[in-house]
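Each residue of the first sequence is one higher than the one before, starting from 114 at the first, in the numbering used here. For each residue, glycine too, the CB sits at the ideal point set by N, CA and C.
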Amino acid sequence: MPELPEVEVLRRSLAPLVGERIERVEVHDRRLREPVDEDALRGLVGARVESLGRRAKYLRIHLRRDDWEEPRTLVVHLGMSGRLTLEPGDAPEEPHEHVVFRLASGRELRFRDPRRFGLIFAARRAGLDTDAHFVHLGLEPLSEEFSGEVLERVAERRRGPVKTFLMDAAVVVGLGNIYATEALFRAGIHPTRSVARISRRRWDRLADAIQEVLRAAIREGGTTLNDFSDGEGRSGYFQVSLSVYGREGDPCPRCGRTIRRIVQSNRSTFYCPGCQR
DNA sequence: CGTAGACCCTGCGCGC
DNA sequence: TGCGCGCAGGGTCTAC
Numbered sequence: 114m115p116e117l118p119e120v121e122v123l124r125r126s127l128a129p130l131v132g133e134r135i136e137r138v139e140v141h142d143r144r145l146r147e148p149v150d151e152d153a154l155r156g157l158v159g160a161r162v163e164s165l166g167r168r169a170k171y172l173r174i175h176l177r178r179d180d181w182e183e184p185r186t187l188v189v190h191l192g193m194s195g196r197l198t199l200e201p202g203d204a205p206e207e208p209h210e211h212v213v214f215r216l217a218s219g220r221e222l223r224f225r226d227p228r229r230f231g232l233i234f235a236a237r238r239a240g241l242d243t244d245a246h247f248v249h250l251g252l253e254p255l256s257e258e259f260s261g262e263v264l265e266r267v268a269e270r271r272r273g274p275v276k277t278f279l280m281d282a283a284v285v286v287g288l289g290n291i292y293a294t295e296a297l298f299r300a301g302i303h304p305t306r307s308v309a310r311i312s313r314r315r316w317d318r319l320a321d322a323i324q325e326v327l328r329a330a331i332r333e334g335g336t337t338l339n340d341f342s343d344g345e346g347r348s349g350y351f352q353v354s355l356s357v358y359g360r361e362g363d364p365c366p367r368c369g370r371t372i373r374r375i376v377q378s379n380r381s382t383f384y385c386p387g388c389q390r
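Structure (structure tokens):
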């Protein structure tokens with residue numbers, strides 16, 4: 114469900130969390146991508162939310178408590194079907210609500226995830242980037258150091274199709290199936306093209322296309338295909354701006370040729386045979 | 001070492 | 001209407 118734009122939209126929508134204090138933690142089902150460490154989460158009671166961050170598709174909720182020697186961070190990954198919402202405490206419990214944080218204001222932060230590919234854990238904030246979940250991650254695409262030049266340099270050590278390359282978090286983070294697909298359309302690059310056969314000019318175009326599509330999606334509140342919503346339950350609108358993703362058989366918005374679907378590494382890829390070479 | 005494929009899990013929409 | 005199948009926005013582990 115969520116790629117970088119959706120997690121970023123979620124992060125921004127949860128601004129009202131800042132200053133809140135955790136009063137109680139309920140773990141209803143520990144079976145997620147990794148078993149939930151119930152004790153570690155309950156150890157967060159009494160902590161106050163200081164700020165909200167993001168790395169790749171991971172949301173980071175930074176916490177402080179007076180008697181802690183160092184701050185901790187609650188890390189949430191939504192997997193394919195996860196949702197994190199801030200709700201009034203009297204809202205009815207919904208299916209698959211695995212973890213619920215009761216807050217001092219009476220509101221609740223609820224983590225719901227039907228498919229249970231998501232993840233939630235607490236860690237010390239210091240050195241978080243050397244945690245096993247983060248240490249291997251590649252470039253942040255919306256950062257200063259991201260460019261066609263770096264992409265090209267990383268690609269020198271790699272082979273295989275560019276779509277697979279873009280979806281490898283060791284290369285660049287935050288791009289999933291939708292935005293990797295859309296960025297390639299915008300850059301006019303065929304998804305099966307080998308990374309060894311992409312010119313410097315096209316790497317530049319691709320880096321620009323990645324940043325453009327991510328920024329546009331954030332602006333539109335993310336992509337809601339089925340069930341994405343931000344922390345306040347609002348849907349995104351970027352799905353109407355998708356050019357090729359999910360549009361097999363439709364005419365290409367640019368040239369009118371029929372959009373095709375293929376499978377790469379077990380994932381659907383959509384592209385225009387006219388515009389992408 | 002890097003890459004391709006299977007796998008984790010539930011729900012939904014489609015065709016019969 | 002009911003059922004089986006294929007598919008879904010992610011990440012990790014294994015076998016080459």
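Please state if the CB of residue j and the CB of residue i are separated by a distance shorter than 8 Å.
i	j	result
residue 122	residue 302	no
residue 158	residue 188	no
residue 323	residue 254	yes
residue 133	residue 162	yes
residue 135	residue 214	yes
The beta strand (DSSP E) with residue i in it runs from where to where?
i	result
residue 237	232-237
residue 163	161-168
residue 221	221-225
residue 286	First-last for residue 286: undefined, no H or E at that position.
For the alpha helix (DSSP H) containing residue i, list its first residue and its last residue.
i	result
residue 294	290-300
residue 277	275-279
Which of helix, strand or coil does DSSP assign to residue i?
i	result
residue 389	coil
residue 259	coil
residue 121	helix
residue 376	strand
residue 214	strand
residue 155	helix
residue 267	helix
residue 187	strand
residue 126	helix
residue 145	coil
What does a CB cutoff of less than 7 Å around residue i pick up in its chain, not counting 5 residues either side in sequence?
i	result
residue 143	149 and 151
residue 199	127, 129, 130, 220, 222, 344 and 345
Looking only at its chain, what residues have a beta carbon closer than 8 Å to the beta carbon of residue i, apart from the 5 residues adjacent to it on each side?
i	result
residue 247	168, 169, 171 and 241
residue 226	145, 191, 192, 194, 195, 196, 209 and 211
Who are the near neighbours of residue i in its chain, counting only those whose CB is closer than 6 Å to its CB and skipping five residues on each side?
i	result
residue 290	380
residue 217	134 and 136
Task: Ranges of the alpha helix (DSSP H) found wholly within the stretch 299-372, counting only runs of at least 4 - done: 313-332
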